[in-house]
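Quick note on numbering: full-length UniProt numbering labels position 27 of the sequence shown as 27, and the sequence is numbered without any gaps.
No residue lacks a Cβ here, since even glycine has one placed at the ideal position from N, Cα and C.
First up is the structure itself, then whatever we jot down about it.
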Amino acid sequence: MPYRNYQDDSIPRHPPHYLHELPQEDEERLGKLFNILDKNGNGRIDILDLSAALKEQGVHHGYAEKFLKSTKSKSGELSLADFIYYVREHEKKLRLHFSHLDKNRDGKIDLDELIRAFVDLGIPLERSEATNLLQR
């Protein structure tokens, strides 16, 4: 199912070349996610759409507000281009954090790496607490 792509000149755009550089699989994956979140199908994710989608996942309305504020959308809505830009930037940050934690570079964060990360932050972490975190 192709994603909806709406244009609205009232929302600031990110560099147009950015979306052209997006790998096809990312464009499809993020387009599908956008359509799931766009509950009313108007080509924008607003607070009502995001709150409804998050509520289905058991997440509080306050997180939707925090998310939209973090995207710096002046209109309080996200277009597909804005959504893709935000998610891709967030994924980059997550990969950076993950690679920092994955000390042995095996593509996984194990118990010892998690404990070491907390200790490096000055937070002692019991093995049982670290096990609970990894299970979540």
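Environment of residue i [buried if 16+ CB atoms lie within 10 Å]
| i | result |
| --- | --- |
| residue 34 | buried |
| residue 131 | exposed |
| residue 106 | exposed |
| residue 68 | buried |
| residue 86 | buried |
| residue 73 | buried |
| residue 31 | buried |
| residue 49 | buried |
Short Cβ contact (8 angstroms threshold) for residue i with residue j
| i | j | result |
| --- | --- | --- |
| residue 94 | residue 114 | no |
| residue 22 | residue 84 | yes |
| residue 64 | residue 51 | yes |
Inter-residue Cα distance where the pair is residue i and residue j
| i | j | result |
| --- | --- | --- |
| residue 136 | residue 29 | 24 angstroms |
| residue 54 | residue 108 | 27 angstroms |
| residue 118 | residue 126 | 10 angstroms |
| residue 92 | residue 101 | 14 angstroms |
| residue 200 | residue 39 | In this structure the chain extends from 1 to 136, so residue 200 is not present and cannot be described. |
| residue 59 | residue 36 | 15 angstroms |
| residue 61 | residue 90 | 20 angstroms |
| residue 137 | residue 70 | The shown model of the chain, from 1 to 136, leaves out residue 137, and the question about it has no answer. |
| residue 110 | residue 121 | 17 angstroms |
| residue 16 | residue 24 | Low local confidence applies: a pLDDT of 42 at residue 16 is under 50, so the model's placement there is unreliable, and no value is given. |
| residue 112 | residue 88 | 29 angstroms |
| residue 128 | residue 56 | 31 angstroms |
| residue 116 | residue 41 | 45 angstroms |
Residue-chain proximity (residue i, chain D), Cβ-Cβ < 8 angstroms
| i | result |
| --- | --- |
| residue 109 | Of the chains in the structure shown, none is chain D; there is only one protein chain. |
| Is the region 39 to 52 in contact with the region 76 to 84, if contact means three or more CB pairs nearer than 8 angstroms? | yes
| task | Run through the region 66 to 101 for me and flag every whole alpha helix (DSSP H) of 4 or more residues, listed as ranges in chain order. | result | 80 to 101
| Ordered list of alpha helix (DSSP H) runs contained in the UniProt domain "EF-hand" (25 to 60), each at least 4 residues | 47 to 56
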